[in-house]
Amino acid sequence: MLTTLKRIVQEMSQIPALEQALFRVASRVKQVMQVDSCSIYLADYEHQEFILKATDGLHPGAVDQVRIGFSEGLIGLVGQREEPLNIQNAHEHPRFKHYPEVHEENYKAFLGTPIIHQRNVLGVITMQQAKMRFFSEDEEAFLVTLAAQLALEITNAEIRGALSNNDIVPSGVRQKKVMGIAGSPGLAIGHGFSTDSTVDLRRLVVKRADDLQREVQIYRKAVEITRKQVDELSGSLEESIPEDVKAIFQLYHHLLDANSLGREVEAKIQEKWCAGSSLKMVVEDYAARFANMDDPYMQERAIDIIDLSNRILVNILQLTRGEDHALPNATRDSILVAEEVSATMLAEFPREYLKGIISIRGSNNSHAAILARAMGVPAVMGCQNVSPSLLENKEILLDGYSGEVLISPDKSIRQSFAQLIEEEDLLSERIDAEADKACETQDGCRMSLLINAGLSVEIETVARSQGNGIGLYRTEIPFMLRESFPSEKEQIKLYSEVLHCVPEQQVTMRTLDVGGDKPLPYFPINEENPFLGWRGVRLTLDHPEIFLVQIRAMLKASLGLKNLQIMLPMISSVNEVQEATRLIDQAFFEVREEANETGQLLVKPKIGVMLEVPSVLYQLPQLAKHVDFFSVGSNDLTQYLLAVDRNNTRVAGLYNSYHPAVLSALYDIVRQADANNIPVTVCGEIAGEPGGAILLMGMGYRRLSMNAHNLRKINWVVRNVNLQESKNLLSCALTAHTHQDVYAHINDYLEQKGLGGLIRAGS
Ligand code: PEP
Ligand code: MG
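Residue numbers (the UniProt record's numbering): 1 to 763.
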């Protein structure tokens, strides 16, 4: 049965036109299940009707003619009940409605199953038989399983259909929405611009060569030109990207080195392959090895290698055939769409036209997303239901806050979207103009806003001007962008730059928080359940040599300064804190000896823990006895409290930091921290969102740490609200039943305060 089912679905997916594909399914089902009829109806939400789209058994002339209201007949009933309906004699059922066009007078037995995708009824599939009988459990199970798979195929075909302006789309609406992962915040309007139609190594047909010396020369020359181009690209990005992200270009340089790719490609040429073919063979082998690794970071490296090789190939082709393969240039507001958006694609795209980014693959962890955030360009990643060529030249609305992409939008939606962008721009101007004002509510409550950092540029540009310090320095980011663990010396240099950047303000450095969704390329961890596995402090405590080097580097970097604080991630029990503080003490005494010898000042840093694993909520008084401060990692706390993977698009709708349970946990933490006299900060995303910041303030938090982009906005929000009102809002939120209710309260409040323009941006 399973094989039959798989075959039917496979056959369907190979037929591009949905209508034909549905016909094939209907006739195959009729045949394999030995029934007298199989029919498929699709929902038309605009007219609230099911339309007969394919049948083998009913009258063929009824296709597209028979329309059954959502609340009519047996088909309507299946849709309403959202479950199968198995009837011995349909004609006797009270909901039976006769449609003369279908000629079903002879069919008694009826089995109908809804076709549902992500809670939406897309249609109904039926089997009918002349004989009066109930369909068996097996037959019912078959149809239910088939309907679930059909739902996916219909959704995909629906998108394809809409994008190719094919009118068979059930809803009859051309505009199409697809969901991806929010990669970089912001809204954008532009036309799809795909760079994937240019030279592609993967499509190159391999060829033999005779003049091997010439091929080697061509290859070397092509590499030389590519090296220059890469240099120019990284140069052109100089101002917009942080130092650490430039590591991507360092990787390119490494690959371009004669001892790296070059040696293998030249060896292939000696086997009598032309330069381009040799490159293809070597690179595809590399890329396949990277792409097959479980580790998402390593998979990302495959993208970099292919991207770089395509560049070399363009130059090889030009040198060989004198062909011009220059990239097409964007000349209007564009949304860059590619299977895998690479750093160089971003670099060479004219900045004035780059309004947004859609990457078919990738997550909010990929370099493209990191870069997009650093460049302030809205991005949606992992948009798997579309292909770049289908989006080419289509008008696109992109919502980098939610990961939503609207293709060929209706005029009215486009207008409201454009208005939202305009409002956002206006608002940012106003916000920027008042960025230097003290962060105090209208009734005098002072808030400290700190920065979450990890990409050096943020620190330099914002920390100096704003002056509250760094609430979270994610040390793993520089680790992730390297080829091996940085040495103690390299780490000292890195940390020292950060500490000296804001010498008068506290800098909270978090010890390495890798594992989960943050793998290190050179330290692969293969686990079934990485978020519940070897993450954060669990990993570093098992590798004291890594931990001690990092702590020593932090301490040495702090010589002569007083602003270092050390924070431990993923703490789930007091033992881990004891063990970590023992190691920190050990490193401290070592470094102090050295400092004494050279007469340098070494101040013992305050030690704190991240509160992000739910168990610690029940041990706050005990933890408070071992550390100097707490910092709430609301991103992970939400993930662990709600048991929702924060990177999984399927359950993305369930991940929400405004879930009343998460809010209650946050409230509980601040009350307990106050009772135990221990300072507490929130450094998860919620702290940088308007509604979140107001609620946290109402709870009693006075220190919020957020990404540099949000700092000015939150400053502005705080100055425009008052503490008492935030407490009232909090009471409503805490007693709300769902996060949607919480949103409604927040939105009402923001509207009432004239801050409605901020609703989209994060609350
Ligand atoms: C958090 O979990 O809220 C947090 C700030 O840490 P990260 O997002 O780096 O896991
Ligand atoms: Mg965390």
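Ideal Cβ positions, reconstructed from N, Cα and C, are used throughout, including at glycine.
Coarse secondary structure for residue i, derived from DSSP in three states
| i | result |
| --- | --- |
| residue 270 | helix |
| residue 208 | strand |
| residue 88 | coil |
| residue 138 | helix |
| residue 732 | helix |
| residue 579 | helix |
| residue 308 | helix |
| residue 169 | Residue confidence for residue 169 is low, a pLDDT of 40 falling below 50, so the modelled location carries little weight; the figure read from the coordinates is stated next. Residue 169 falls in the coil class under three-state DSSP. |
| residue 452 | strand |
| residue 749 | helix |
| residue 56 | strand |
| residue 509 | strand |
| residue 191 | strand |
| residue 705 | strand |
| residue 179 | strand |
Same chain, Cβ closer than 7 Å to residue i, neighbours up to 5 away in sequence not counted
| i | result |
| --- | --- |
| residue 678 | 624, 629 and 630 |
| residue 215 | 209, 269, 274 and 275 |
| residue 756 | 750 |
| residue 30 | 37, 38, 56 and 57 |
| residue 410 | 175 |
| residue 674 | 700 |
| residue 77 | 85 and 95 |
| residue 319 | 218, 221 and 222 |
| residue 418 | 189 |
| residue 194 | 337, 338, 388, 389, 391 and 392 |
Cβ-heavy atom distance, residue i to the ligand MG, below 7 Å
| i | result |
| --- | --- |
| residue 645 | no |
| residue 544 | no |
| residue 794 | One cannot answer for residue 794 here, as it falls past the ends of the chain, which runs 1 to 763. |
| residue 94 | no |
| residue 610 | yes |
| residue 519 | no |
| residue 530 | no |
Span separating the alpha-carbon of residue i from that of residue j
| i | j | result |
| --- | --- | --- |
| residue 622 | residue 574 | 7 Å |
| residue 386 | residue 577 | 47 Å |
| residue 626 | residue 712 | 34 Å |
| residue 18 | residue 281 | 37 Å |
| residue 49 | residue 98 | 16 Å |
| residue 780 | residue 188 | Here the chain comprises residues numbered 1 to 763, so residue 780 is not present and cannot be evaluated. |
| residue 134 | residue 69 | 25 Å |
| residue 521 | residue 302 | 12 Å |
| residue 475 | residue 235 | 25 Å |
| residue 349 | residue 394 | 18 Å |
| residue 671 | residue 615 | 17 Å |
| residue 505 | residue 390 | 51 Å |
| residue 104 | residue 60 | 12 Å |
| residue 184 | residue 106 | 58 Å |
| residue 613 | residue 633 | 9 Å |
| residue 517 | residue 596 | 41 Å |
| residue 540 | residue 509 | 15 Å |
| residue 667 | residue 661 | 10 Å |
Residue i Cβ short of 7 Å to the ligand PEP heavy atom set
| i | result |
| --- | --- |
| residue 184 | no |
| residue 635 | yes |
| residue 684 | yes |
| residue 474 | yes |
Close beta carbons around residue i, own chain, < 6 Å, minus the five adjacent residues each side
| i | result |
| --- | --- |
| residue 306 | 287 |
| residue 126 | 39 and 112 |
| residue 551 | 584 and 587 |
| residue 197 | Confidence in residue 197 is poor, its pLDDT being 49 and thus under 50, which makes the residue's placement unreliable; the coordinate value appears in the next sentence. Excluding sequence neighbours, residue 197 sits near nothing in its chain. |
| residue 165 | Because the pLDDT of residue 165 is 46, which lies under 50, any placement of that residue in the model is unreliable, and the question is left without a value. |
| residue 620 | 672 |
| residue 692 | 686 |
Distance between beta carbons of residue j and residue i, contact taken as under 8 Å
| i | j | result |
| --- | --- | --- |
| residue 180 | residue 381 | 6 Å |
| residue 358 | residue 377 | Rounded, the Cβ-Cβ distance is 11 Å, inconsistent with contact. |
| residue 796 | residue 124 | It is not possible to answer for residue 796, since the shown part of the chain is limited to 1 through 763. |
| residue 714 | residue 729 | With a Cβ gap of about 16 Å, residue 714 and residue 729 do not count as contacting. |
| residue 485 | residue 546 | 7 Å |
| residue 499 | residue 469 | No, residue 499 and residue 469 are not in contact; Cβ-Cβ is about 11 Å, not under 8 Å. |
| residue 571 | residue 549 | Not quite, the Cβ-Cβ distance comes to about 20 Å (not below 8 Å), so this is no contact. |
Sequence-distant residues of its chain with Cβ nearer than 8 Å to residue i (five each side left out)
| i | result |
| --- | --- |
| residue 441 | 447, 697, 718, 719, 721, 722, 723 and 726 |
| residue 116 | 82, 122, 147, 148 and 151 |
Below-8 Å beta-carbon distance, residue i vs any chain C residue
| i | result |
| --- | --- |
| residue 622 | In the displayed structure, chain C is absent; only one protein chain is listed. |
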